[in-house]
Amino acid sequence: MSNTNITKKLTLISLVLMIFTSVYGFNNIPRSFYKMGYAAIPWYIFAAITFFVPFALMVAEFGAAFKEEKGGIYSWMEKSIGPKFAFIGTFMWYFSYVTWMVNVASGMWVPVSNAIFGEDTTQSWTLFNLQGPQVLGVLGILWILIVTYISTKGLDKIKKVTSVGGTAVLLVNVFLWIGAIAVFIGNHGQLAQPITGWESFTQTPNPIYAGDIIASLAFVVYAIFAYGGLEAVGGLVDVTEKPEKTFPKGILISAIIISVGYSLGILLIGIFTNWSSVMGIENVNLGNASYIVMSNLGYSLGTAFGASHATATALGLWVARYIGLSMFLALSGAFFTLMFSPLKQMIEGTPKILWPGKIGETKNGLPVNAMWIQAAIVCVMIALIAFGGSTMAAFFNILVSMTNVAMTLPYVFIALAFPYFKKKVEINKPFIVYKSQWSANIWAWIVILTVGLANFFSIIQPAIEGDIQTTIWSVAGPVIFSVIAWLMYRKYEKLEGTEKQKLKKIS
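Residue numbers are given in our numbering: position 112 of the sequence shown equals residue 123, and the series is strictly consecutive.
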């Protein structure tokens, strides 16, 4: 998005808050507890050490060096390695937002259900003989078409929804912390999920992952995904006060706060949530885990301070309604922004000749034609997954796995570009963390191996357990979009060669 209307420069505190809200995702905490219990914490720490902090410092160096550039990650990779590598990497980054839309367009009806009924009833929804996932798929397709239509007309009216949703989700995090501490005091220090020793942090209560080292290694993708989004703030460098010092410092402070925040958040859930009795029951899945956890927090607050079962249950329902409304507002605001922002950045940052026909044309400053093509692709992907015959739990697993893989792969491209960036002495580097080429190479490869191996285990783990469909979808999306990017760039090179030959003949 354009920063031309920003008159005041971002201070350190405002930058940290902006990075925090861009990266820190509340949903990641209950989902991680659902998958791994307390055993998620060491993996979050591992991902912070081997990915988030070193990658954050790379982003800080890139951002400080290219503070005048408007192209974001495309400019970083293009000036470090070359335009073809940059285009494929940026196209992969863009595709991650396509999978996000596929995921969230179907999943956002869970918070709607919680807002209306106080619980997730989507599994029992029917429409014209359609059941569960099919109904959510149809609603997701309608949502994409409506948001695309409104987005092409302008976004001024949507800004209020975004700010209201952001504030509501911030209050959800505050409520989790204060509520968990209150339950801890009310229950006289007794934990709902007991800590029996070091094994509580190494052994998951989830039978799906218990004793499965590949499943545990695959969980690293969830941790990396939870830390994702940092590269998107690279465009804030040119609107930051004293960017050479403030921007890197803001990224480092944010990285520490976010890393600690996730681990403590998972620990806090264990204060009021017993995994077996709350998370280990039927109908709990990745799509509704957050609402079940927060509803349980409301119920636990009531019982911890002597409320009757009926009063505590009612409190839990109202908390679930609030969480549902908050998440729906936040996701709606994000949708209206992400429907055009990544696409606009990619089209504006790359050569116009890359986009055939009228795809690259803009109306009212928006790539309207490209947005409708994007909508068609998202709708087809939603339909293919929704009508693939999956159960509700498998449906959400496919969507989340697909999104996690797609959104973490672009980090490999950015990390690969970093050593080349360090080698280029002609690039002015006002902020340097990695003092030597050797240290830049080592940490770049640590990040690449962490993301690469985590994705490998994440992709093969479902297949080992017999869930071939999730593995296929996790691989298919990134592969298809990589091939599309390569073919587009190959066509561009041929067109560029033809234009050069014409100029030679004229001269």
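Using N, Cα and C, we set each Cβ at its ideal position, and we do this for glycine too. Since this is a predicted model, take the numbers as computed values, not measurements.
Ordered along the chain, which non-local residues of its own chain (more than five positions away) have a Cβ less than 7 angstroms from that of residue i?
i    : result
G313 : T322, A323, L326
A50  : F212, T213, Q214, T215
Y108 : L349, P353
V462 : F62, I235, T419, Y422, V423
A426 : F66, M69, A455, V458, I459
V149 : L138, L141
L202 : G281, I282
N307 : F283, T284, V289, G327
For residue i, write down the residues that DSSP places opposite it in a beta bridge.
i    : result
L26  : DSSP, once it has assigned bridges, lists no residue as partnering L26.
T251 : L21
L138 : L141
Name the residue from the options whose alpha carbon lies nearest to the alpha carbon of residue i.
i    : options                : result
F212 : K253, F57, L420        : F57
G48  : V423, V416, L328, W286 : W286
V289 : Q472, Y45, G151, K502  : Y45
E242 : V389, I388, M112, Y105 : Y105
I235 : Y431, Y55, I40, K434   : Y55
G344 : M392, W136, V115, R42  : V115
W383 : F351, I92, G93         : F351
A221 : L279, G200, G291       : G291
F96  : R501, G508, G309       : R501
G143 : A381, F230, G399, Q356 : G399
L365 : F230, I99, M119        : I99
F261 : G508, A496, L28, Y503  : A small fix is needed here, since residue 261 is Gly in this sequence, not Phe. Here the closest residue by C-alpha is L28.
I264 : F31, G508, K20         : F31
N198 : I219, I189, T509, A315 : A315
Ignore the nearest five residues each way along the sequence and tell me which others in residue i's own chain have a CB closer than 6 angstroms to its CB.
i    : result
M305 : V330, I334
V121 : D131, T133, G298, N299
I269 : V34, Y35
A179 : S337, L340
R332 : A126, G129
V64  : A266
L506 : I364
M520 : This structure cannot speak to residue 520, because the chain is shown only from 12 to 518.
I think residue i touches residue j, with their Cβ atoms under 8 angstroms apart; what is that distance to the nearest whole Å?
i    : j    : result
T257 : L498 : The Cβ separation is near 41 angstroms, so there is no contact.
I303 : V295 : 6 angstroms
L153 : A386 : In fact, because the Cβ distance is near 11 angstroms, the residues do not count as touching under 8 angstroms.
F429 : M69  : 5 angstroms
A75  : F442 : 4 angstroms
I470 : V458 : Contact doesn't hold; Cβ gap of about 19 angstroms is too wide.
S301 : P41  : 4 angstroms
Q204 : T110 : Not quite, the Cβ-Cβ distance comes to about 32 angstroms (not below 8 angstroms), so this is no contact.
P254 : K78  : 5 angstroms
I52  : L278 : 7 angstroms
Residues in its own chain within less than 8 angstroms of residue i by CB, not counting five upstream and five downstream?
i    : result
V379 : T163, E372, T373
V123 : G335, F339
L147 : S117, G118, W120, T133, W136, A397, F406
A191 : L279, I280, I282, F283, L308
Q448 : P430, K433, K434
Looking at the C-beta of residue i, does it have a partner C-beta in chain C at a distance below 9 angstroms?
i    : result
M290 : The displayed structure is made up of one protein chain only, and chain C is not part of it.
At 3 residues or longer, what runs of the beta strand (DSSP E) sit wholly inside the stretch 307 to 387?
none
Give the list of continuous beta strand (DSSP E) stretches no shorter than 3 residues that lie fully inside the stretch 442 to 491.
none
Quick check on the DSSP output: what are the complete alpha helix (DSSP H) runs of length 4 or more inside the stretch 207 to 281, in order along the chain?
224 to 237
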